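Here the working numbering is used: position 94 in the sequence shown is 74, and no number is missing along the way.
We treat Cβ as the ideally placed atom computed from N, Cα and C, and that holds for glycine.
None of the values given here were measured: they were computed from a predicted structure.
One structure is given below, encoded as structure tokens.
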Amino acid sequence: MSYADISDLRVRLGSIFSEIYPSDEAASEDLKDAQAEINGALALRYIVPVEASSEVASLLKYWTLDLASELAFTRTAGSTCPDKIRRRADKVRTRLADVREGRFLLPGAAERESASLVSLSMEKPVFGRDTLRRF
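Pasting the structure below:
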């Protein structure tokens, strides 16, 4: 499942799309890389790829396009990424960090089962650095 497709990226970038991408294959790579970054962050809390409500799907599409747009500008020689696009990508990364920390939730997305924590209680060791100093 893909959060966004090439036609979405073409619309997002407008006329500059054909200047950046000589083929759809390169655009597809940027979309896959953007989705991988998103899935890498979401995988700590959610089953990826995320299949959820239309609102969450719309949000994931938006995030994917923001990150892919930034990647698109790294393909151009000697050009810098516009501040507007960089700020949007930074905002997505901030929101992904919020998801990892549990401060931002994706309603309706299937959550991963949390790993069990094991707590061990042990007595003070008999043989250690301090007790064997003379030997």
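From this set, Glu81, Ser101 and Met(-19), which residue's C-alpha is nearest Ala32's C-alpha?
Met(-19)
Measure the beta-carbon distance from Leu(-11) to Ala57 and round it to whole angstroms, keeping in mind my assumption that it falls under 8 Å.
About 20 Å separates the two Cβ atoms, so there is no contact after all.
Report the start-end ranges of each alpha helix (DSSP H) in the segment 34 to 70 that is 4 residues or longer and not cut off at the edges.
34 to 54
For Ser96, count neighbouring Cβ atoms within 10 angstroms of its own Cβ and tell me buried if that reaches 16, exposed if not.
Only weak support is given to the placement of Ser96: the predicted model assigns it a pLDDT of 47, under 50, and the value that follows is read from those uncertain coordinates. The residue is exposed, with fewer than 16 neighbouring Cβ atoms inside 10 Å.
Neighbourhood of Asp4 by C-beta distance below 7 Å, restricted to the same chain and skipping five residues each side:
Ile(-14)
Go ahead and label Glu35 buried or exposed: buried means 16 or more other beta carbons lie within 10 angstroms of its beta carbon, across all protein chains shown.
exposed
Work out the CA separation of Leu76 and Asp70 for me, nearest whole Å.
10 Å
Give the secondary structure of Leu97 by DSSP, where H, G and I count as helix, E and B as strand, and everything else as coil.
Note on Leu97: pLDDT 48, under 50, position unreliable in the model; the coordinate value appears next. It is coil, neither helix nor strand.
Run through the DSSP bridge pairs and tell me what Glu91 is partnered with.
Tyr26
Going by the beta-carbon positions, is the gap between Asp13 and Leu51 smaller than 7 Å?
yes
Given Ser(-2), which residues of its chain have a CB within under 6 Å of its CB, disregarding the five upstream and five downstream residues?
none
Sub-7 Å separation of Ala90 and Ile27 beta-carbons
yes
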